[in-house]
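Participant: Dropping the structure in here first, questions after.
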Ligand code: PMV
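In the numbering used here, the protein residues as written are 11 to 320.
Take a look at the structure:
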């Protein structure tokens, strides 16, 4: 997040992949998330009034929510004299944290414009968190925490009103990830709310599943810190099975996870909200051959490497 004193402002919010723990994280279980190279850049130019150019490709309900989120964030920082626009390299609404990346980039530009200096990560997270509530209703906070910090994180939500536990995860070895899109999906808030209804009806069964997801995520964090990629991959496979048990996978997502494993992944799972489509992530020793096969088959996909920490 860099400020340009000339009045031209720019900030980047990376997308993310949840390697372990989505959905259960909403109910207080641990999640492991890592940032992507791809993301959203927000630009700010001086303007008589505080305004937002919503990209033309975004329409309908998503457009209305994006505008409302911007207005609320702008009001919260005193409507600075800036016109904000966006550029994205991230597939939108696919489970890769696009809304959080937008929120982090926009929040950072608004804060720079209102204070004249680079904002702290904490202030960006707080402002972006309000925008995520407009997008999703009840976000766990893992997406915008990972995007604002730009680091692999272990995340755990605490009781309402308490600050979530966020810790940087020091990777012993780099992670080579292949992310593949398994078709369109419905909005995160719809998948999260359908799961909320099931868990409200059968709370004990769903609590057991959430707890098991949390345990697998804790084991995966330890494996990532120890550089044991086989153990991390196995945790991802088991997590995919638990996500299917929670009712958030689909034949397209199961098929893509199976394809990635067959193509050499140490582990593969749906990532993000899932539902009827969205993204699948595979952890590879070398993602090159599988990447080429998917591209030849016309699948939208990319490789993202997360470097080891020092
Ligand atoms: O699909 P995405 O990128 O919106 O990620 C959602 C992650 C969930 O765990 C399903 C929801 C949340 O708020 O953490």
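We put the beta carbon where it would ideally sit given N, CA and C, even for glycine.
Let me check you understand the geometry: is the CB of residue 309 closer than 8 Å to at least one non-hydrogen atom of the ligand PMV?
Facilitator: Outside the cutoff, so no.
Participant: Closer than 9 Å, CB to CB, is residue 137 near chain B or not?
Facilitator: Protein chains in the displayed structure number just one, and chain B is not present.
Participant: Going by the C-beta, is residue 146 closer than 8 Å to any heavy atom of the ligand PMV?
Facilitator: Result yes, Cβ under 8 Å from the ligand PMV.
Participant: Looking at C-alpha atoms only, which residue of 299, 194, 196, 266 is the closest neighbour of residue 186?
Facilitator: Looking at the Cα atoms, 299 is the closest of the given residues.
Participant: Is residue 219 near the ligand ATP, judged by its Cβ being under 8 Å from some heavy atom?
Facilitator: No copy of the ligand ATP occurs in the structure displayed; its ligands are the ligand PMV alone.
Participant: Taking the runs of the alpha helix (DSSP H) that are 4 residues or longer, which of them lie wholly in the region 28 to 115?
Facilitator: Counting only runs of 4 or more, we get 70 to 86.
Participant: For residue 240, collect the residues of the same chain with a Cβ closer than 6 Å to its Cβ; drop the 5 residues on either side in sequence, then sort them by chain order.
Facilitator: Result list for residue 240: 276, in chain order.
Participant: Check whether the region 295 to 309 and the region 221 to 229 are in contact - that is, three or more C-beta pairs closer than 8 Å.
Facilitator: No, because fewer than three Cβ pairs between the region 295 to 309 and the region 221 to 229 fall closer than 8 Å, the two stretches do not touch.
Participant: Please classify residue 24 as buried or exposed, where buried requires at least 16 other C-beta atoms within 10 Å of its C-beta.
Facilitator: By the neighbour-count rule (16 or more Cβ atoms within 10 Å), residue 24 is buried.
Participant: In chain order, which continuous runs of the alpha helix (DSSP H) of length 4 or greater are located wholly inside the region 184 to 221?
Facilitator: Listed in chain order, they are 198 to 211.
Participant: Here's a check: name, in chain order, each residue in its chain whose Cβ is nearer than 6 Å to the Cβ of residue 65, leaving out the five neighbours to either side.
Facilitator: Cβ within range, chain order: 96.
Participant: Suppose the cutoff is 7 Å on Cβ atoms and the five residues either side in sequence are ignored; what does the same chain contact list for residue 161 look like?
Facilitator: Correct list, in chain order: 45, 178.
Participant: Work out the CA separation of residue 272 and residue 207 for me, nearest whole Å.
Facilitator: Taking the straight line joining both Cα atoms gives about 35 Å.
Participant: Please report how far the alpha carbon of residue 295 lies from the alpha carbon of residue 47, in whole angstroms.
Facilitator: Using only the alpha carbons, I get a separation of about 19 Å.
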